[in-house]
Amino acid sequence: MRCPFCRHRGNRVVDSRLSNDATLIRRRRACSACKRRFTTYERVEEAAPMVVKKDGRREPFDRAKIVAGLKRACEKRPVSMETIDRIASSIETTMAEQSDREVASNAIGAAVMNELHKIDQVAYVRFASVYRSFKDIDEFMHELEDLINQRKQAPASRASGAKKGDVGS
Ligand SMILES: [Zn+2]
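Here is the structure:
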């Protein structure tokens with residue numbers, strides 16, 4: 001898009017914000033020629049970046065895929081559908097808010113793992129093993145060791161960190 005003051009095409013995003021109903025993204029931009037600032041509004045579908053897969057192929061960001069991956073990881077775990085939905089929404093929002101037009105699929109995977117890590121360790125390891133497709137068993141064991149060590153260090157905070165709604169629903 002062009003600068004409304006000098007018609008220059010180049011600009012950079014200085015701030016991005018999602019509207020309360022998560023349908024619009026408001027970006028503050030700074031013109032790289034005249035340095036003046038202006039605001040643009042984009043619909044979220046347009047704002048969501050393209051996902052770049054490991055083999056270089058690109059596909060549109062798909063919330064349903066994240067939900068499916070989460071459901072698989074959380075099968076028979078005490079994680080409610082509400083929690084899964086909340087994680088998917090939070091990742092969708094993060095992706096829409098960032099200014100890059102493309103995002104690597106493993107960045108999304110890392111974001112999902114980060115959320116699962118806080119909620120359910122078994123689901124986390126399940127998701128990680130599929131998503132990262134660990135090169136070998138050593139790598140997988142290393143990940144498990146890290147988890148076990150973290151648990152030993154902070155058993156109390158982990159227990160109290162669980163949300164009420166996540167259990168037994
Ligand atoms: Zn300008």
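Numbered per the numbering used here, the sequence shown finishes at 169, counting up by one with no gaps. Glycine is no exception: its CB is placed at the ideal position from the N, C-alpha and C atoms. Quick caveat, the model's predicted, so the values are computed rather than measured.
Can C74 be considered in contact with ligand 1, in the sense that its beta carbon sits closer than 7 Å to one or more heavy atoms? Counting from one through the sequence shown, the residue named residue 74 turns up at place 74. Flag unset: Cβ of C74 not near ligand 1.
With a 10 Å radius around its C-beta and 16 neighbouring C-beta atoms as the bar for buried, classify R58 as buried or exposed. In the sequence shown, residue 58 corresponds to position 58, counting from 1. R58 comes out exposed.
Does the separation of the CB atoms of R17 and H8 fall below 8 Å? As a working mapping, residue 17 is identified with position 17 in the sequence shown. As a working mapping, residue 8 is identified with position 8 in the sequence shown. Result no, Cβ atoms of R17 and H8 do not sit closer than 8 Å.
From this set, N106, Y124, K118, E115, which residue's C-alpha is nearest D55's C-alpha? Counting from one through the sequence shown, the residue named residue 55 turns up at place 55. Among N106, Y124, K118, E115, the Cα nearest to that of D55 is on N106.
Local Cβ density within 10 Å of N11, reported as buried at 16 or more and exposed below that: The residue you call residue 11 lines up with position 11 of the sequence shown. Counting Cβ neighbours within 10 Å, N11 comes out buried, since at least 16 surround it.
Taking the alpha carbon of R27 as the point to measure from, which residue in A88, V13, P78, I66 has its own alpha carbon closest? For the purposes of this step, residue 27 is identified with residue 27 of the sequence shown, where counting begins at 1. The shortest Cα separation from R27 among A88, V13, P78, I66 belongs to V13.
Ligand 1 and R9: does the residue's C-beta get closer than 7 Å to at least one heavy atom of that ligand? As a first step, residue 9 is located in the sequence shown; it is residue number 9 there, counting from the start. R9 Cβ: outside cutoff for every heavy atom of ligand 1.
Could you have a look at V79 and say whether DSSP puts it in helix, strand or coil? Your numbering for residue 79 matches position 79 in the sequence shown. Note: V79 maps to coil in three-state DSSP.
With a Cβ-Cβ cutoff of 8 Å, do V52 and V130 count as a contact? As a working note, residue 52 is residue 52 in the sequence shown. As a working note, residue 130 is residue 130 in the sequence shown. No, the pair does not count as a contact, with Cβ atoms beyond the cut-off.
Would you kindly work out how many angstroms separate the C-alpha atoms of D120 and Y41, rounded to a whole number? Taking the first residue of the sequence shown as 1, we reach residue 120 at position 120. Taking the first residue of the sequence shown as 1, we reach residue 41 at position 41. Between D120 and Y41, the C-alpha separation is close to 37 Å.
Residue interval of the beta strand (DSSP E) (run including A104): Position 104 of the sequence shown holds residue 104. Note, A104: beta strand (DSSP E), 102-104.
What does a CB cutoff of less than 6 Å around P4 pick up in its chain, not counting 5 residues either side in sequence? For the purposes of this step, residue 4 is taken as the residue at position 4 of the sequence shown. Excluding positions up to five away in sequence, the list reads F38.
Taking the C-alpha atoms as reference points, what is the distance between M81 and S90? As a working mapping, residue 81 is identified with position 81 in the sequence shown. As a working mapping, residue 90 is identified with position 90 in the sequence shown. Computed Cα separation, rounded: 14 Å.
The beta strand (DSSP E) spanning R37 covers which residue range? Taking the sequence shown and counting its residues from 1, the one referred to as residue 37 is at position 37. Here the beta strand (DSSP E) through R37 covers 37-43.
State the CB to CB distance for the pair I84 and K71, rounded to an integer number of angstroms; the pair is presumed to be in contact (CB under 8 Å). On the sequence shown, position 84 is the one that residue 84 refers to. On the sequence shown, position 71 is the one that residue 71 refers to. The pair is a contact, with the Cβ atoms about 6 Å apart (cut-off 8 Å).
What is the rounded straight-line gap between the Cα of R29 and the Cα of T93? The residue you call residue 29 lines up with position 29 of the sequence shown. The residue you call residue 93 lines up with position 93 of the sequence shown. Those two C-alpha atoms are separated by around 19 Å.
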